[in-house]
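Notes to accompany the following structure.
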Ligand SMILES: Cc1cc2nc3c(=O)[nH]c(=O)nc-3n(C[C@H](O)[C@H](O)[C@H](O)COP(=O)(O)OP(=O)(O)OC[C@H]3O[C@@H](n4cnc5c(N)ncnc54)[C@H](O)[C@@H]3O)c2cc1C
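In our numbering, the protein residues as written are 4 to 412.
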């Protein structure tokens with residue numbers, strides 16, 4: 004029977020990082036078993052083909068604030084390998100990185116192949132072997148230590164240590180083989196998606212966006228700020244996608260049918276009210292519809308005025324209080340009914356997976372199954388967009404690999 008010191012299940016970001024550091028720490032045989040005929044698939048397509056490797060965030064205490072699942076529990080893990088460690092690792096391998104104005108870190112090449120190649124080279128240098136088309140279907144603990152892996156093909160493999168990096172939910176395998184090991188699984192549901200508003204009055208404005216908007220779900224604690232984009236199916240952009248992550252479980256429970264209020268002005272009611280009344284005093288003869296406020300695109304402003312029944316030639320001086328009020332409402336609490344979701348093309352992740360309480364977050368070893376490590380999206384950790392999901396894959400992959408490797412000494 005085939006036998007290896009360390010078997011890594013899954014050839015994604017976490018799997019490669021774990022395998023590289025396991026081999027580096029132990030100099031023992033490390034093999035990645037990948038069920039498809041390709042590895043690092045998501046790294047290759049990530050960030051629109053540019054790969055947003057991490058986020059420029061120097062403090063673990065700040066980093067954890069970007070994980071709806073995981074959050075503060077990850078602080079100690081990030082103290083051991085944080086976003087700076089990721090940047091150093093790639094830069095030490097002569098991969099130049101750049102930070103964009105919103106904090107997202109990309110390779111200077113703007114090409115995810117640079118990251119894929121760096122991971123491949125590091126794996127090869129450390130003697131990691133990759134086996135394709137080998138899907139693990141079952142793991143059993145052997146009485147005198149180690150594990151027996153059963154593959155879908157019927158092959159069996161022995162391993163002293165196993166690192167599970169099988170990524171997010173996939174319908175075929177699910178998490179049954181992990182449940183069989185006694186690991187608890189938080190229900191997997193999608194995170195990072197856009198909102199469908201089938202009867203949106205805004206559809207004809209698709210492509211228009213505001214950079215400082217806000218979205219909230221009335222009657223809940225869920226709200227988020229940032230750019231909002233009007234699409235032909237509803238709304239997208241970071242404020243919407245972040246909200247989908249924070250409210251992922253709730254939105255799944257209500258079957259993605261819920262009201263939202265959009266703040267187009269990027270400011271609170273008192274400020275918006277004051278600005279409108281300021282226009283009445285300072286520019287009474289200006290036509291309301293032709294003078295967009297709060298930096299809004301002209302067509303969006305015109306639409307919000309039309310929704311407030313403000314006629315084309317009405318001047319600020321003649322704006323009745325009722326219509327000014329309605330305009331203010333449209334600017335700060337513009338209501339829509341969401342019905343359904345659309346996967347965000349740039350990035351989507353699973354909310355749910357192996358419960359973190361079952362794992363030592365300094366080593367990423369299972370508490371229940373010694374010798375079994377877990378890293379990446381298979382865990383109940385997910386971040387908002389911006390490089391946080393890869394950061395978790397690097398951190399957990401590094402710690403799982405290093406500790407699995409060192410445990411063989
Ligand atoms: C389109 C897209 C773009 C993204 N862009 C970004 C981005 O720019 N920045 C960012 O931070 N995050 C991004 N993400 C999220 C990020 O890619 C993932 O969070 C990350 O890749 C997870 O890595 P992983 O190694 O845990 O899982 P994966 O990359 O999913 O790898 C898991 C691997 O395990 C294999 N596997 C599964 N089951 C088995 C089995 N039973 N036996 C053997 N092999 C198995 C799978 O085939 C796969 O190759 C993006 C996601 C998507 C979908």
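Where a beta carbon is used, it is the ideal one built from N, C-alpha and C, also for glycine.
Owing to the predicted nature of the structure, the values given are computational and were not obtained by experimental measurement.
Confirm, please, whether the CB-CB distance from residue j to residue i is below 7 Å.
i: residue 61; j: residue 87; result: yes
i: residue 108; j: residue 117; result: no
i: residue 214; j: residue 248; result: no
i: residue 367; j: residue 334; result: no
i: residue 33; j: residue 115; result: no
i: residue 168; j: residue 397; result: no
i: residue 273; j: residue 221; result: no
i: residue 216; j: residue 242; result: yes
i: residue 225; j: residue 250; result: yes
i: residue 135; j: residue 37; result: yes
i: residue 1; j: residue 245; result: For the chain, the structure presents residues 4 to 412; residue 1 sits outside this window and is missing.
i: residue 96; j: residue 126; result: no
i: residue 161; j: residue 342; result: no
i: residue 379; j: residue 17; result: yes
i: residue 81; j: residue 110; result: no
i: residue 319; j: residue 287; result: yes
i: residue 371; j: residue 363; result: no
i: residue 66; j: residue 119; result: no
i: residue 22; j: residue 12; result: no
i: residue 299; j: residue 311; result: no
i: residue 15; j: residue 170; result: yes
Cβ of residue i versus every heavy atom of ligand 1: is any distance shorter than 6 Å?
i: residue 396; result: yes
i: residue 305; result: no
i: residue 351; result: yes
i: residue 35; result: no
i: residue 270; result: no
i: residue 45; result: yes
i: residue 313; result: no
i: residue 138; result: yes
i: residue 393; result: yes
i: residue 168; result: yes
i: residue 39; result: yes
i: residue 55; result: yes
i: residue 142; result: no
i: residue 126; result: no
i: residue 98; result: no
Alpha carbon to alpha carbon, what distance is there between residue j and residue i?
i: residue 133; j: residue 399; result: 20 Å
i: residue 409; j: residue 147; result: 20 Å
i: residue 353; j: residue 172; result: 6 Å
i: residue 8; j: residue 26; result: 10 Å
i: residue 56; j: residue 356; result: 22 Å
i: residue 72; j: residue 48; result: 24 Å
i: residue 351; j: residue 240; result: 13 Å
i: residue 105; j: residue 142; result: 42 Å
i: residue 208; j: residue 238; result: 11 Å
i: residue 68; j: residue 327; result: 38 Å
i: residue 137; j: residue 156; result: 7 Å
i: residue 304; j: residue 197; result: 23 Å
i: residue 10; j: residue 94; result: 28 Å
i: residue 4; j: residue 131; result: 19 Å
i: residue 31; j: residue 20; result: 16 Å
i: residue 388; j: residue 228; result: 13 Å
i: residue 151; j: residue 159; result: 7 Å
i: residue 284; j: residue 321; result: 11 Å
i: residue 212; j: residue 41; result: 37 Å
i: residue 98; j: residue 233; result: 36 Å
Buried or exposed for residue i, going by 16 or more other Cβ atoms inside 10 Å?
i: residue 325; result: exposed
i: residue 166; result: buried
i: residue 385; result: buried
i: residue 205; result: buried
i: residue 395; result: buried
i: residue 145; result: exposed
i: residue 24; result: buried
i: residue 257; result: exposed
i: residue 201; result: exposed
i: residue 39; result: exposed
i: residue 412; result: exposed
i: residue 219; result: buried
i: residue 314; result: exposed
i: residue 404; result: buried
Can you determine whether any heavy atom of ligand 3 sits closer than 6 Å to the C-beta of residue i, and answer yes or no?
i: residue 48; result: Of the ligands this structure carries, namely ligand 1, none is ligand 3.
Contact check, residue i vs residue j under 8 Å by CB: the rounded distance?
i: residue 253; j: residue 223; result: 7 Å
i: residue 345; j: residue 199; result: 6 Å
i: residue 265; j: residue 231; result: 6 Å
i: residue 189; j: residue 332; result: Actually they are not in contact, since the Cβ atoms of residue 189 and residue 332 sit about 39 Å apart, beyond 8 Å.
i: residue 391; j: residue 70; result: 6 Å
i: residue 149; j: residue 140; result: With 8 Å as the limit, residue 149 and residue 140 do not qualify as a contact, their Cβ atoms being about 18 Å apart.
i: residue 296; j: residue 277; result: Wrong, their Cβ atoms sit about 11 Å apart, outside the cutoff.
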